[in-house]
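Report on one structure; see the data block that follows.
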Amino acid sequence: LSPCFADESTHRYNEAEPIKLWANKIGPYHNPQETYNFFALPFCSDDDLSRVEHKWGGLGEVLEGNDLVNSGLDMSFKVDRIEPVTLCSIKLDSEKVATFEYAIRNHYWYQFYMDDLPIWGMVGEVTGDEPEEGEDGELAEPSAATASGGEALMYTHRRLSIAYNENRIIQVNLTSENPTSLTEGGELAFTYTVEWQPTTISFHKRFERYLDYDFFEHQIHWFSIFNSFMMVLFLVGIVVLILMRTLRRDYARYARDADGDDLDADLDESGWKQVHGDVFRVPPQPIAFCALVGTGTQLATLSLLAILTATLLTLYTGRGAVVTTCISCYLVTSVVGGYVSGSLYLQMGGRQWTRVLLYTASIFPAVVIGTMALLNTVAIGYRSMSAIPFGTIVITLLLWLLVAIPLTVAGTILGRNWGGVADYPCRVNAIPRLVPEKQWFAR
201 LSPCFADEST HRYNEAEPIK LWANKIGPYH NPQETYNFFA LPFCSDDDLS
251 RVEHKWGGLG EVLEGNDLVN SGLDMSFKVD RIEPVTLCSI KLDSEKVATF
301 EYAIRNHYWY QFYMDDLPIW GMVGEVTGDE PEEGEDGELA EPSAATASGG
351 EALMYTHRRL SIAYNENRII QVNLTSENPT SLTEGGELAF TYTVEWQPTT
401 ISFHKRFERY LDYDFFEHQI HWFSIFNSFM MVLFLVGIVV LILMRTLRRD
451 YARYARDADG DDLDADLDES GWKQVHGDVF RVPPQPIAFC ALVGTGTQLA
501 TLSLLAILTA TLLTLYTGRG AVVTTCISCY LVTSVVGGYV SGSLYLQMGG
551 RQWTRVLLYT ASIFPAVVIG TMALLNTVAI GYRSMSAIPF GTIVITLLLW
601 LLVAIPLTVA GTILGRNWGG VADYPCRVNA IPRLVPEKQW FAR
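If you're matching positions, the sequence shown starts at 201 in this note's numbering and goes up one per residue.
Structure, rendered in structure tokens:
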């Protein structure tokens, strides 16, 4: 039999097989959007980050700003390292001291991943600024303000406590220890220890510890929720029934051919009834209107599909799974946007099908591309991990060109051929009703 090596895709390991601890990002605790590469701080690493081993994920993971690199810690499955193991030692100069001190005083935190399990830790602490214990004994969050007083101390030891169940990793806990002063000309020795402990928690429940137990620990009163839901549904149904009975009489009267008496009756009405004959009139820009309606319908369908998928699947267990799901749903629902815009444009008697197709396929991507271009420029200027790589941009554009646009074309063709004819609930006046302009202070 050939040996089986560690496989993070199957999450199964043999004893003494190597385990990699991946470093993801680092940034200020109170600004989660400001993230940098873990080795942006002068930790143990080569000067050239391109030589560090990377773990490339899917499209959603990259768009979320994740970039996993090998932390360099030597670990093996179910092999304890009780005595501190020295990872490296670095000589402190004025630049490194200033960099570390800035990170510590701004409460920088970092994120690790082991077997797709996230781990968080703080870079250091400031004397006199340690978090106080709360009522439940847990450490409170660090203060949002930058710690200006006290001495900045760097954590140089990491203690990893790993729980396993048979051949699978269940939990990973990280404890930062040994706060050390930052002195120019001094030396920092980074060490770590690893402890393996068995557990009875099953593999499928290992992510439950990351959920909000304060919310889920209370019993859900399903009967009360169902009772309230049915009460709201009943009241909404009554209101809709009353409105429909009222509007049905109005629609029946408006649908009849107008005679002199009807016109006099219309003149006595107020509110929206005065312009009922202009509600369904073709707008001045029918192409843009149909494209916006189709895009809105597509985004609404996208939201429903994404919520349904997140409800049925455990998307929180994968990095970038939510973003990947939203992108997939957007591509699939492109046919919905094309169908709605095409059928509505058909009912308006339009003839410029190419323009309505291109507008429907381009309005939302144009807004996203314009916004992301601005944000990406700022992120590149600050060398943040939020910057989207050029290759990812190309892949996203290819998905839009090769998947979204063809599906929009198919939806538009379906809407053009099977969209039906206009069936408005009331007639459209041949001559638009004059609506007098109001002064700006009376609007």
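Just so it is clear, CB atoms sit at the ideal spot from N, CA and C, and this is done for glycine as well.
A quick note: this is a predicted structure, and the numbers were derived from the prediction, not measured.
For residue i, write down the residues that DSSP places opposite it in a beta bridge.
{"i": "W222", "result": "N270, Y313"}
{"i": "Y236", "result": "I226"}
{"i": "V326", "result": "A352"}
{"i": "I319", "result": "F312"}
{"i": "S428", "result": "DSSP output for S428 lists no bridge partner at all."}
{"i": "H254", "result": "V269"}
{"i": "S276", "result": "P218"}
Leaving aside the five residues before and after residue i along the sequence, list all residues of the same chain whose C-beta is less than 6 Å from its C-beta, in chain order.
{"i": "C490", "result": "S541, L544, Y545, V556"}
{"i": "V372", "result": "M314, L317, I319, I362"}
{"i": "M275", "result": "I219, V394"}
{"i": "G337", "result": "Unreliable positioning characterises G337 in this predicted model, as indicated by a pLDDT of 42, which lies under 50. A coordinate reading is not provided."}
{"i": "S209", "result": "none"}
{"i": "A610", "result": "V535"}
{"i": "P483", "result": "F489"}
Spatial neighbours of residue i within its chain, please: CB distance less than 7 Å, with the 5 preceding and 5 following residues excluded, ordered by chain position.
{"i": "K220", "result": "N270"}
{"i": "A622", "result": "Q547"}
{"i": "A240", "result": "I226"}
{"i": "D293", "result": "E384"}
{"i": "W640", "result": "none"}
{"i": "S291", "result": "Sequence check: residue 291 is Lys here, not Ser. Correct list, in chain order: E387."}
{"i": "T501", "result": "T533, V536"}
{"i": "T380", "result": "L353, M354, T356, L388"}
Where does the unbroken beta strand (DSSP E) through residue i begin, and where does it stop?
{"i": "P589", "result": "That residue, P589, is in no beta strand (DSSP E); it is neither H nor E in DSSP."}
{"i": "S381", "result": "368 to 381"}
{"i": "T286", "result": "281 to 291"}
{"i": "Y364", "result": "352 to 365"}
{"i": "L241", "result": "L241 -> no beta strand (DSSP E), and no H or E assigned at all."}
{"i": "P486", "result": "It is not in any beta strand (DSSP E) - P486 instead sits in the alpha helix (DSSP H) that spans 486 to 512."}
{"i": "T393", "result": "387 to 398"}
On the CB-based measure, 16 or more other CB atoms within 10 Å of its CB, does residue i come out buried or exposed?
{"i": "N427", "result": "exposed"}
{"i": "Q233", "result": "exposed"}
{"i": "Q498", "result": "buried"}
{"i": "W256", "result": "exposed"}
{"i": "Y236", "result": "buried"}
{"i": "E335", "result": "A caution first: E335 carries a pLDDT of 46, below 50, which makes its placement in the model unreliable, though a value can still be read off. Exposed."}
{"i": "C288", "result": "exposed"}
{"i": "A642", "result": "exposed"}
{"i": "T514", "result": "exposed"}
{"i": "R519", "result": "buried"}
{"i": "R406", "result": "buried"}
{"i": "N231", "result": "exposed"}
{"i": "H421", "result": "exposed"}
{"i": "E253", "result": "exposed"}
{"i": "A216", "result": "exposed"}
{"i": "A566", "result": "exposed"}
{"i": "Y392", "result": "buried"}
{"i": "R449", "result": "exposed"}
{"i": "L382", "result": "buried"}
{"i": "A452", "result": "exposed"}
{"i": "F429", "result": "exposed"}
Within 6 Å: the Cβ of residue i and any heavy atom of the ligand COA?
{"i": "L575", "result": "Among the ligands in the structure shown, none appear at all, so the ligand COA cannot be discussed."}
Spatial neighbours of residue i within its chain, please: CB distance less than 8 Å, with the 5 preceding and 5 following residues excluded, ordered by chain position.
{"i": "D461", "result": "At D461 the pLDDT is 47, less than 50, meaning the model places this residue with poor confidence and gives no usable figure here."}
{"i": "T608", "result": "S534, V535, G537, G538, L557, T560, A561"}
{"i": "D478", "result": "V628, N629, P632, R633"}
{"i": "H211", "result": "D315, D316, R368, I369, F403"}
{"i": "N266", "result": "N224, K225, G257, R519, G520, M585"}
{"i": "T495", "result": "G537, S541, T560, I563, F564"}
{"i": "N365", "result": "P398, T399, T400, I401, S402, F403"}
{"i": "E264", "result": "R519, G520, V523"}
{"i": "V436", "result": "none"}
At what residues does the alpha helix (DSSP H) containing residue i begin and finish?
{"i": "A216", "result": "First-last for A216: undefined, no H or E at that position."}
{"i": "S543", "result": "534 to 547"}
{"i": "A565", "result": "What sits at residue 565 in the sequence shown is Pro, not Ala. Unbroken alpha helix (DSSP H) run through P565: 553 to 581."}
{"i": "W600", "result": "That residue, W600, is in no alpha helix (DSSP H); it is neither H nor E in DSSP."}
{"i": "G615", "result": "605 to 618"}
{"i": "L296", "result": "Here the sequence assigns Lys to residue 296, which means Leu is not the residue at that position. Unbroken alpha helix (DSSP H) run through K296: 294 to 305."}
{"i": "D260", "result": "In the sequence as displayed, the identity of residue 260 is Gly instead of Asp. From DSSP, the alpha helix (DSSP H) with G260 extends over 259 to 263."}
Any Cβ of chain C within less than 7 Å of the Cβ of residue i?
{"i": "M430", "result": "Among the chains of the structure shown, chain C does not appear; only one protein chain is present."}
Sufficient close CB pairs (3 or more, under 8 Å) joining the region 320 to 330 to the region 278 to 287
no
At least three beta-carbon pairs within less than 8 Å, the region 617 to 637 to the region 560 to 576:
no
Would you check if there are 3 or more beta carbon pairs closer than 8 Å linking the region 591 to 604 to the region 433 to 447?
no
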